[in-house]
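Enquirer: Here's a structure for you.
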Amino acid sequence: MPDANFPDNADVQAFLRGPYVSMNTIGVHHFNGNGHARNYAAKWMCEQQVNASFTLETEGRAQHVYVFNEDVYTLMKTVFITKTWTWFGEHQKKLVEYKEELNRLSR
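Numbered continuously in our numbering, the sequence shown closes out at residue 485.
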């Protein structure tokens, strides 16, 4: 998704534009608690996803949204971001339409 826009965080935007399928927010965004992590995920799932399609999920269930970060040896709250095929499917359909129009104009 080369033109993906995520105005809240440049690292997340770079991920959306890059080759990887998923990422977590460890070292990218700090959450003050479980509720903060869940609210962040919910907010960005409701926001318009500009030139991108993705899901955000908190780690764990209920109040257990902690993961062990081996680099820092602390428990941290995290949100997982995963790209979806929605954006690609929409653009694939448009590509077919543009090719058909180009063929009509080329005659």
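Even glycine gets a Cβ: it sits at the ideal position worked out from N, Cα and C.
#1: Taking the alpha carbon of Asn-429 as the reference point, which residue from Val-399, Lys-477, Ala-382 has its own alpha carbon closest?
#2: Taking just the CA atoms, how far does Trp-463 sit from Leu-480?
#3: Considering only their Cβ atoms, is the gap separating Leu-483 from Ile-459 smaller than 7 Å?
#4: From the DSSP output, in three-state form, read off Phe-393 for me.
#5: Under the assumption that Gly-411 contacts Lys-455 (Cβ atoms under 8 Å), give the Cβ distance between them as a whole number of angstroms.
#6: Applying the criterion that 16 or more other CB atoms from any shown protein chain within 10 Å of the CB defines a buried residue, is Tyr-418 buried or exposed?
Expert: In short, the structure shows the following:
#1: Ala-382
#2: 26 Å
#3: no
#4: helix
#5: 7 Å
#6: buried
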